[in-house]
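In terms of this note's numbering, the sequence shown has 144 at position 144, counting the first letter as 1, and numbering is strictly consecutive.
Just so it is clear, CB atoms sit at the ideal spot from N, CA and C, and this is done for glycine as well.
Keep in mind the model is a prediction, meaning the values are calculated, not measured.
Working notes, beginning with the structure itself.
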Amino acid sequence: MKQLILTLIGKDQPGLVEKISSTILSHHGNWLTSNLSHLAGHFAGIVQIEVAEEHLQEIQEALYALPGLEVKIESGETSATQAEPDTLNLVITGNDRPGIVQELATVIRHKGANITHLTSKQRSAPNWGLPIFSAFATVTLPVGMVKENVVDALESITSDLIVDIEES
């Protein structure tokens, strides 16, 4: 089986996920993992699928032909023998400001960790007078890294940043 990573972007519309999933199924593909979002009237998704080698060309052509979507297809990597790295789920909250995601990403990279999932948003906070930044991040840790080191480094960015570890 061949692993494919699909990136899909287009104007959002009812039934779009059904159309994508039906195309995958009808061309002998199997939907494995996905992250789909609605952002400012647009659909953005990344989907991991698998398909038998003999159906590879057929499914790629069908996906590229989906109306109203920009589709990019990459070959996925299979890592059956590698051990799963330690992960850390972080809930991050603080006053919003330009560059906050860049600051967080820099600190995480300097610790040797890697962001594998990030969901963020800005919320209004009438009682505070400033918008609030909140994020959920999944971070893989290098071997031997103590999770509190990452949390302490993130919280040292600024005094208004709160970082909690969510147990999985």
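{"Query": "Sort THR119, ILE157, VAL17 and PRO142 by Cα distance to PRO85 and report the nearest one.", "Result": "PRO142"}
{"Query": "Ignore the nearest five residues each way along the sequence and tell me which others in ILE5's own chain have a CB closer than 6 Å to its CB.", "Result": "GLN48, GLU74 and GLY76"}
{"Query": "So, are the CB atoms of ILE108 and VAL150 less than 8 Å apart?", "Result": "yes"}
{"Query": "Any idea which residues DSSP pairs LYS121 with across the strands?", "Result": "SER134"}
{"Query": "In the DSSP assignment, find the unbroken alpha helix (DSSP H) run with ALA153 in it and report its ends.", "Result": "147-155"}
{"Query": "Going along the chain, which residues of its own chain have a beta-carbon closer than 8 Å to the beta-carbon of LYS11, five neighbours each way excluded?", "Result": "GLY41, HIS42, PHE43 and GLY68"}
{"Query": "Which of the three DSSP states, helix, strand or coil, is assigned to VAL17?", "Result": "helix"}
{"Query": "So for LEU104, helix, strand or coil by DSSP?", "Result": "helix"}
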